[in-house]
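Colleague:
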Amino acid sequence: MIHSLRFLGSLGLLLTSISVSGSATADEFVNIYSYRQPYLIQPLLKAFEKKTGIKSNIVFSNKGLGERIAAEGKNSPADVLLTVDIGRLDSAKQLGIAAPISSEIVSTNIPASFRDPDGEWVGLTARSRIVYASRERVKQDTITYEELADPKWKGRICTRSGQHSYTLGLIASMIAHHGEKETEKWLEAVKNNLARKPTGNDRAQVKSIYSGECDIALGNTYYMGSMETNEKEPEQKEWAASVRLLFPNSDGRGSHVNISGVILAKHAPHKENAIKLIEYLTSEEAQHIYAEINFEYPVTPGVPVSDRVKSWGTLKPDDLSLSEIAAHRKSASEMVDRVGFDDGPSS
Amino acid sequence: MKGLWNLIAGERAWTVGAFGTSCVVLVPIIAVAIIASSSSTEQWAHLTSSVLPGSLKTTLILMFGVAVLTIVIGVGTAWLTTMCQFPGRGVLDWALLLPLAIPTYIMAFSYIEVLDYSGPLQSTLRAAMGYQSAKDYWFPDIRTLPGAIYVMGFVLYPYVYLTTRASFLLQPNSILDVSRTLGASPYRFFASVALPLARPAIAVGAALALMECLNDIGAVTFFGVRTLTFSVYDMWLNRSNLGGAAQLSMAMLAMVFLLIWLERFARRKQRYDNRTTKQSKQQVFLLTGWRAGLAFLCCGLPVLLGFIVPALLLADRASRRLDSVMEPSFQNAIFNSLSLAIIAAVLTVIVAVTLVFSLRLKETPLLKLSVRIASIGYALPGTVLAVGILIPLASLDNFIDFQMERFFGISTGLLLLGSGAGLLYAYLVRFLAVAYGQVEGGFGKIPKSLDMASRTLGDASGGMLKRIHLPILKPVLLSALLLTFVDCMKELPATILLRPFNFDTLATTVFEAASREAFEDAALPALAIVIVGLLPVIYLARTSGVSLRANLSNKLTEPTVNRPT
């Protein structure tokens, strides 16, 4: 018994020393808290390390990282927080965990519309929330978000949860354009057009079109790329082949656009490295990787979208400001509750 | 040395120690309560009008369904395997425990895959019937509330099976003999004698299963079933509303208290005099023909649906990714999972023994209350627990850092959180109830007369624990260790939030893959969790039957002394 306790004790020490060596470091490190999937950012971090010799430590979670930084306070090991969605960038700002990013390079690389007016977050990529339509069963070539409320779509629409930040962003933009009252009516109507209760991620919606469960679905653009190029699970190529992308409101205000971005932690222990990383992520090289590997829209002017993304059609972005979208997020979320959107179609 | 020993041996030291420990366990719960009460009530209005009623209803239906399912399956199979003899009984006896190795989130996404449009069932169906698309035929959707009840019922019933089975085994044959002499039919004996006697055991098992069910976040997320736990998550992570999340978790805590109270209520007359006899129990009802077939089917079905189907699917998908066994990231995850779970399990059991033993020495109302409250950590949803730990621990870290800097000029940084101590803390709080229940049950079976004898012979309390209790409790301690170990291995939400840099466990690897719906990448680590989870199940299966009986009958031939409750 004593023997095994000793063994456990040393295991514990080992464990402790491993993790401590990860955070207590010399300056060639940068610590990243990431809401983005590790496999998406790994290529960028490798390229960054090659270039600068700065290694990165990552904690990935899809929840609670902002709160963790806030709680850790001035001893927080986090240097940067990588995240998707303007809502999350904005709430990081509200939590008071962000420091202004003052860098000539960043402000030259990224247009002001993709940066926080106070400099507390920087957008790194753009994506649009568009409509995936069945090649077989949907003949029209254009669509609008407003049209999703049309009874002709009854039982034909699939989407992920209304409380997911991607959906909230879209609803917030509808509120900005049409006001709360109109939007609530619209959301109610869309809910009644749903084919089923909102579940799964955007990829799962495309699969549902493939299986015939629904005809159109809301989804982000880059999912198409990851399905089309999925060598590990080739059946996803078939899903992708069963749909095409319709960019909503192309003849009007344009399609809803959201961003992924980064914040610099207020108490970043490796601030210089963190700035270097952020600068790198806005560089032409990194933006090119984002475009080619993640199939997102680069935000640095002059960096082209990938050929694959081009093949899906032309994006006309809605130029509604990101901070306005962020401002309506809370009302959007409460509206989703009120309408009971996530309970699915009522009849 | 002698003085120290006296101190350890002293009863007061035990009480103080136990009180201190239960306070440490209480801290996260108190922290959440403070966050809940100090945040705005404006949000609360919105919660009570839109979120709370729906999720409360969903949660209650889910719990009711899971309770019915686990009790029916658990009690039914326990009865059949302990009291009846039929072909295959010997195997089913332990095989019925297998679903215990599968966490609800793995079960849920396995079933999504099994019942999916492109899954084996629907593909076969389409091929057989010539259907073209999902619109041509009706197929049940697993991503619903009934789906969640099904999935949870079939992995959680072993809790009821385990406790009820032990209770049936401990019921002496003499009871059966008496009721037979009085002319009771086997059904009557089951309904009016054996079942009421097993009621406390059923209550314990069902309460454990329901707490697991209340805690689950994986399955309900995959299925889009909006329970209270789901809403707490949603509130915190989607809406960045920590206060609202804490307020909702207080509502959850109320349910947990209710559950604990119900369990205690069901157990209120627990002190049945289970005088075990030396003769070992034999299966008394010999089933033949269709009855035997039916019994086999009834016991086989839960094993098939709760273990074989998901395990086969995982094995099939994992076999396509066998090359990643050699990847260092996978091996690291295994090492991390194992070492973390072992340390946490040992720590938890030590604390549980301390608490139970102190209560046995001296039962003060305050201590009793704090111990009872300490065990509700089991029902605290992982994310909420993480918040409750993160915030006080980070303040402590920052305080230590400040003091060290001031007096010694050393910055210690985030000493506890950065080292993973926060994770161990979370596991302790979360799983203390599991170990506590086991240890308490074990102590309860040791007659107080042994304590008296030991005292009469001049043992101090520490010596009594060492020389009398621990040796008798060995099998109980081992099973407590194993149960806690497996629970720690499976734990997901708190692990995600509290882990240090670059620290992946099997559970977080599964989660990462599952959250991008890459089922095949999740299969191998999921299978690894299931396999490791099997070890204690096998152990439990071996000991809970034969040797538990032998242990008890050898050691406790003297009558149990009824303690006033």
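Residue numbers (this note's numbering), protein chains in the order written: chain R, 1420 to 1766; chain L, 0 to 564. Just so it is clear, CB atoms sit at the ideal spot from N, CA and C, and this is done for glycine as well. All figures in this text were calculated on a predicted structure; none of them were measured in a lab.
Leu491 (chain L) to Pro102 (chain L), Cα distance in whole Å?
Modeller: To locate residue 491 (chain L), count along the second sequence from 1; it is residue 492. To locate residue 102 (chain L), count along the second sequence from 1; it is residue 103. Looking at the two C-alpha atoms, the distance is approximately 10 Å.
Colleague: Counting only Cβ pairs nearer than 8 Å, list the residues of chain L close to Thr1618 (chain R).
Modeller: Translated into the one-based positions of the first sequence, residue 1618 (chain R) becomes position 199. By Cβ distance, chain L contributes Arg142, Phe221, Phe222 and Gly223.
Colleague: Within 10 Å of its beta-carbon, does Val370 (chain L) have 16 or more other beta-carbons around it, so buried, or fewer, so exposed?
Modeller: Working through the second sequence from its first residue, we reach residue 370 (chain L) at position 371. So Val370 (chain L) ends up on the buried side.
Colleague: Since Gly1581 (chain R) and Val1755 (chain R) are thought to touch, with beta carbons under 8 Å apart, how far apart are those beta carbons, to the nearest angstrom?
Modeller: Indexing the first sequence from 1 puts residue 1581 (chain R) at position 162. Indexing the first sequence from 1 puts residue 1755 (chain R) at position 336. With a Cβ gap of about 4 Å, Gly1581 (chain R) and Val1755 (chain R) count as contacting.
Colleague: Do we get a CB-CB distance below 8 Å when we pair Val386 (chain L) with the residues of chain R?
Modeller: Taking the second sequence and counting its residues from 1, the one referred to as residue 386 (chain L) is at position 387. At least one chain R Cβ lies under 8 Å of Val386 (chain L).
Colleague: According to DSSP, which residues form a beta bridge with Arg1548 (chain R)?
Modeller: Taking the first sequence and counting its residues from 1, the one referred to as residue 1548 (chain R) is at position 129. According to DSSP, Arg1548 (chain R) bridges with R:Asn1639.
Colleague: Who are the Cβ neighbours of Met463 (chain L) in its own chain at under 8 Å, not counting the five residues just before and after it?
Modeller: Residue numbering aside, residue 463 (chain L) sits at position 464 when the second sequence is read from its first letter. Closer than 8 Å at Cβ, skipping near neighbours: Asp450, Ser453 and Arg454.
Colleague: Whole angstroms are fine: how far does the CA of Lys56 (chain L) sit from the CA of Met403 (chain L)?
Modeller: By one-based count along the second sequence, residue 403 (chain L) stands at place 404. By one-based count along the second sequence, residue 56 (chain L) stands at place 57. Rounded to whole angstroms, Met403 (chain L) to Lys56 (chain L) spans 51 Å at the Cα level.
Colleague: By how many angstroms is the C-alpha of Ala1490 (chain R) removed from the C-alpha of Ile495 (chain L)?
Modeller: Looking up residue 495 (chain L) in the second sequence gives position 496. Looking up residue 1490 (chain R) in the first sequence gives position 71. Near 16 Å, if we compare the C-alpha coordinates of Ala1490 (chain R) and Ile495 (chain L).
Colleague: How close, in whole Å, do the beta carbons of Cys487 (chain L) and Phe284 (chain L) come, if the pair is a contact with beta carbons under 8 Å?
Modeller: The residue labelled residue 487 (chain L) in the question sits at position 488 within the second sequence. The residue labelled residue 284 (chain L) in the question sits at position 285 within the second sequence. Their Cβ separation, rounded to whole angstroms, is 40 Å, which puts Cys487 (chain L) and Phe284 (chain L) out of contact at 8 Å.
Colleague: Just to confirm my understanding: we take Arg1556 (chain R), look at its own chain, exclude 5 residues before and 5 after, and list those with CB closer than 6 Å. What are they?
Modeller: Position 137 of the first sequence holds residue 1556 (chain R). The answer, listed in chain order, is Asp1634.
Colleague: Please confirm if the stretch 1649–1657 of chain R is in contact with the stretch 1569–1587 of chain R, defined as three or more CB-CB distances below 8 Å between the two stretches.
Modeller: Short answer: they don't touch.
Colleague: Determine the contact status of His1689 (chain R) and Phe1479 (chain R), defining contact as a CB-CB distance below 8 Å.
Modeller: The sequence position of residue 1689 (chain R) within the first sequence is 270, counting from 1. The sequence position of residue 1479 (chain R) within the first sequence is 60, counting from 1. Not closer than 8 Å, so no.
Colleague: In or out: Gly1472 (chain R) buried (at least 16 other Cβ within 10 Å) or exposed?
Modeller: Here residue 1472 (chain R) refers to the residue found at position 53 of the first sequence. That one is exposed.
Colleague: Taking any Cβ of chain R, which residues in the stretch 311–329 of chain L have a Cβ under 7 Å from it, in chain order?
Modeller: Taking 7 Å as the Cβ-Cβ cut-off against chain R, none of the residues of the stretch 311–329 of chain L qualify.
Colleague: Taking C-beta to C-beta, are Ile1694 (chain R) and Ser1475 (chain R) nearer than 8 Å?
Modeller: Within the first sequence, the letter at position 275 stands for residue 1694 (chain R). Within the first sequence, the letter at position 56 stands for residue 1475 (chain R). Their beta carbons are not under 8 Å apart, which means Ile1694 (chain R) does not touch Ser1475 (chain R) by this criterion.
Colleague: Count the other CB atoms within 10 Å of the CB of Ala206 (chain L); is the residue buried (16 or more) or exposed (fewer)?
Modeller: As a working mapping, residue 206 (chain L) is identified with position 207 in the second sequence. Ala206 (chain L) is buried by the Cβ-count criterion.
Colleague: Please report the residue range of the alpha helix (DSSP H) in which Leu1501 (chain R) lies.
Modeller: Within the first sequence, the letter at position 82 stands for residue 1501 (chain R). Here Leu1501 (chain R) belongs to no alpha helix (DSSP H); instead the beta strand (DSSP E) covers Val1499 to Val1503.
Colleague: Are the Cβ atoms of Thr347 (chain L) and Leu252 (chain L) separated by less than 8 Å?
Modeller: Position 348 of the second sequence, counting from 1, holds the residue named residue 347 (chain L). Position 253 of the second sequence, counting from 1, holds the residue named residue 252 (chain L). Not closer than 8 Å, so no.
Colleague: For a contact meaning CB atoms closer than 7 Å, what does Ala133 (chain L) contact in chain R?
Modeller: The residue given as residue 133 (chain L) occupies position 134 in the second sequence. Those within 7 Å of Ala133 (chain L) in chain R are Ser1630, Gly1631 and Glu1632.
Colleague: Using a threshold of 7 Å, is the CB atom of Ala12 (chain L) nearer than that to any non-hydrogen atom of the ligand ADP?
Modeller: You won't find the ligand ADP in this model; it holds no ligand whatsoever.
Colleague: Here's the rule I'm using: 16 or more other beta-carbon atoms within 10 Å means buried, otherwise exposed. How should Cys22 (chain L) be labelled?
Modeller: Locating residue 22 (chain L) in the second sequence gives position 23, counting from the first residue. When all chains shown are included, Cys22 (chain L) counts as exposed.
Colleague: Ignoring anything shorter than 4 residues or poking outside the stretch 287–349 of chain L, list the alpha helix (DSSP H) runs there in chain order.
Modeller: Taking only runs of at least 4 residues, the alpha helix (DSSP H) segments lying wholly in the stretch 287–349 of chain L are 288–302 and 308–318.
Colleague: So, for Tyr160 (chain L): in the same chain, excluding its five sequence neighbours on each side, which residues have a beta-carbon less than 6 Å away from its beta-carbon?
Modeller: Along the second sequence, read from residue 1 onward, the residue named residue 160 (chain L) stands at position 161. Same-chain partners within the cutoff: Gly73, Thr76, Ala77 and Leu95.
Colleague: Does the structure place the stretch 387–402 of chain L close enough to the stretch 462–479 of chain L that three or more beta carbon pairs sit under 8 Å?
Modeller: Touching, no.
Colleague: Would the stretch 1736–1747 of chain R and the stretch 1757–1766 of chain R be scored as touching if the rule is three or more Cβ pairs under 8 Å?
Modeller: The stretch 1736–1747 of chain R is not in contact with the stretch 1757–1766 of chain R.
Colleague: Using a Cβ cut-off of 7 Å, which residues of the stretch 395–414 of chain L contact any Cβ in chain R, in chain order?
Modeller: Here the close residues are Asp396, Asn397, Asp400, Gly412 and Leu413.
Colleague: Would you tell me roughly how many angstroms separate the C-alpha atoms of Leu196 (chain L) and Val65 (chain L), rounded to the nearest one?
Modeller: Taking the first residue of the second sequence as 1, we reach residue 196 (chain L) at position 197. Taking the first residue of the second sequence as 1, we reach residue 65 (chain L) at position 66. If you take the alpha carbons of Leu196 (chain L) and Val65 (chain L), they lie about 22 Å apart.
Colleague: Which same chain residues end up closer than 6 Å to His1686 (chain R) when comparing Cβ atoms and leaving out the 5 residues on each side of it in sequence?
Modeller: Mapped onto the first sequence, residue 1686 (chain R) falls at position 267. Cβ within range, chain order: Lys1493 and Ser1495.
Colleague: Taking a contact to mean a Cβ-Cβ separation below 8 Å, would you say Phe1714 (chain R) touches Gly1644 (chain R) in this structure?
Modeller: The residue labelled residue 1714 (chain R) in the question sits at position 295 within the first sequence. The residue labelled residue 1644 (chain R) in the question sits at position 225 within the first sequence. Contact: yes.
Colleague: Whose Cβ in chain R lies nearer than 7 Å to the Cβ of Leu241 (chain L)?
Modeller: Numbered from 1 along the second sequence, position 242 holds the residue referred to as residue 241 (chain L). Residues of chain R passing the Cβ test: Glu1486.
Colleague: Chain R partners of Asp486 (chain L), CB-CB under 9 Å?
Modeller: Working through the second sequence from its first residue, we reach residue 486 (chain L) at position 487. In chain order: nothing, as chain R lies at least about 17 Å away.
Colleague: Comparing the C-beta of Ile573 (chain L) with each C-beta of chain R, is any distance below 8 Å?
Modeller: Beyond the ends of chain L as shown, which are 0 and 564, falls residue 573 (chain L); an answer cannot be given.
Colleague: Given Gln278 (chain L), which residues of its chain have a CB within under 8 Å of its CB, disregarding the five upstream and five downstream residues?
Modeller: Walking along the second sequence from the start, residue 278 (chain L) turns up at place 279. Model confidence at Gln278 (chain L) stands at a pLDDT of 45, short of 50, so the residue's coordinates are unreliable and nothing is read from them.
Colleague: Output the boundary residues of the beta strand (DSSP E) element that contains Val1662 (chain R).
Modeller: As a position in the first sequence, residue 1662 (chain R) is number 243, starting the count at 1. Val1662 (chain R) -> beta strand (DSSP E) spans Val1662 to Leu1665.
Colleague: For Arg274 (chain L) and Arg267 (chain L), what's the separation of their Cα atoms in angstroms?
Modeller: Numbered from its first residue, the second sequence carries residue 274 (chain L) at position 275. Numbered from its first residue, the second sequence carries residue 267 (chain L) at position 268. Only weak support is given to the placement of Arg274 (chain L): the predicted model assigns it a pLDDT of 48, under 50, and the question is left unresolved by the model.
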